[in-house]
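Residue numbers in the sequence shown follow my numbering, run continuously in steps of one, and reach 359 at the last position.
All residues carry an ideal CB built from backbone N, CA and C; glycine is no exception.
Here the structure is laid out as structure tokens; the discussion comes afterwards.
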Amino acid sequence: TAQLHIAPGTTLYGTWNNSIPNAAAPTTGTVSAADGNLIGTQADGTSALPNGNFGGINLRISNATVGGSGAGEPNTIAFNNGPGVWVRLNSNSNPIVQNAIHGNTLQGITLNASTPGIPVLNDPLDADTVPGNRGQNFPVLNLPVIASGNATISGTLNSQASKSYRIEFYANAACGPTGYGQGQTFIGNTTVVTDVSGNATIGPLVLPAPAGQSVITATATDLATNDTSEFSQCPAAAPGTTTGLVSSLN
């Protein structure tokens, strides 16, 4: 089994072919590399110096953890020319956890093997398995209510029946260019369990929303397989208002 490692805290920027891992990496194995790095920024973590061609992280491998919940583990993946994280065909069990993903020219996370700018839409009971991370369905969020520095968030997840999923929530200053989100600031998570029909209710939850970041998005991670979804659609929130469910279930 191959094991790749890049020291935490590495700054990776201004390259044309990306390296966590690139096309020459093995197709199976373990990556313990992508934590605490700046990918697409200068060393200050805020100024853009983007990677090109494949975006920020181009995964052609399984069992790679991108980020994490521990101190110093989340990455900043921003301003890249392409997706923030691209999980390729049949590359599975890649959890993408608590990173700051924003300002990339395509989706924050894409599971689409050939066209990273086109979201892999949800399918009933999450039956597809060929896209990256087994095509894990993303959450469907209601338009949140933003008031007094907090966001009240609710929604649904349709995925495989009778399974547990971690839902991670992010606040953003703007939506991604495709209408599907990125994840600028991690604001919290919850765990849901789907019923026999594959449905789970999310929230309502009250989480802090940083000033100027009223666009709320979410990902879903299958706790049995460690497959993380793309980001949800991201309707912008108006202070003190809400609206009906925004759905993209086929």
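Review point. Is it true that the CB of Ile276 sits closer than 9 Å to the CB of Ile325?
Key: In this structure, Ile276 does not lie closer than 9 Å to Ile325 by Cβ.
Review point. Are the stretch 277-293 and the stretch 207-226 touching, with three or more C-beta to C-beta distances below 8 Å?
Key: yes
**Study point:** Beta-carbon proximity list for Pro319, same chain, < 6 Å, skipping 5 on both sides
**Key:** Ala280 and Thr294
Point to revise | Buried or exposed (CB count within 10 angstroms, at least 16 for buried), Asp153 | key: exposed
Practice item. Would you identify the three-state DSSP class for Leu220, choosing helix, strand or coil? Key: If DSSP states are grouped into helix, strand and coil, Leu220 belongs with coil.
Exercise for review: Output the distance between the C-alpha atoms of Asn189 and Thr303, rounded to the nearest integer angstrom.
Suggested key: 35 Å
Point to revise | Entirely enclosed beta strand (DSSP E) segments - the stretch 275-341, minimum 3 residues | key: 294-302, 308-317 and 324-331
Exercise for review: Starting from the C-beta of Pro204, find all residues in its chain whose C-beta is less than 6 Å away, skip the five residues before and the five after it, and write them out in chain order.
Suggested key: Thr174, Thr330, Asn335 and Thr337
**Study point:** Local Cβ density within 10 Å of Leu198, reported as buried at 16 or more and exposed below that
**Key:** exposed
Practice item. Go through its chain and collect everything with a Cβ distance to Gln322's Cβ below 8 Å, but skip five positions before and after it. Key: Once the five neighbours on either side are set aside, the close Cβ partners of Gln322 are Ala280, Asn281, Ala282, Gln293 and Thr294.
Point to revise | Complete beta strand (DSSP E) runs within the stretch 226-277 (minimum length 3 residues, chain order) | key: 254-256 and 259-267
Point to revise | Coarse secondary structure for Pro344, derived from DSSP in three states | key: coil
Review point. Should Ile227 be labelled buried (16 or more other beta-carbon atoms within 10 Å of its own) or exposed?
Key: Counting C-beta atoms within 10 angstroms of its own C-beta, Ile227 has fewer than 16 neighbours from the protein chains shown and is therefore classed as exposed.
Point to revise | Beta-carbon gap between Leu314 and Ser273 smaller than 9 Å | key: no
Practice item. Give me the Cα-Cα distance between Gln245 and Glu339, rounded to the nearest whole angstrom. Key: Going by the C-alpha atoms only, they are around 8 Å apart.
Practice item. Count the other CB atoms, across all protein chains shown, that sit within 10 Å of the CB of Ser271; report buried if there are 16 or more and exposed otherwise. Key: The residue in question, Ser271, is exposed, as its Cβ has fewer than 16 Cβ neighbours within 10 Å.
Check your understanding: Would a C-beta distance cut-off of 9 Å place Thr238 and Asn208 closer than the cut-off?
Key -> no
Review point. So, using beta-carbon positions, are Pro344 and Leu266 closer together than 9 Å?
Key: Between Pro344 and Leu266, the gap from beta carbon to beta carbon reaches 9 Å or more.
**Study point:** Between the CA atoms of Gly264 and Gly312 - distance to the nearest angstrom
**Key:** 7 Å
Exercise for review: May I ask you to report which of helix, strand or coil DSSP gives Ala376?
Suggested key: Here the chain comprises residues numbered 110 to 359, so residue 376 is not present and cannot be evaluated.
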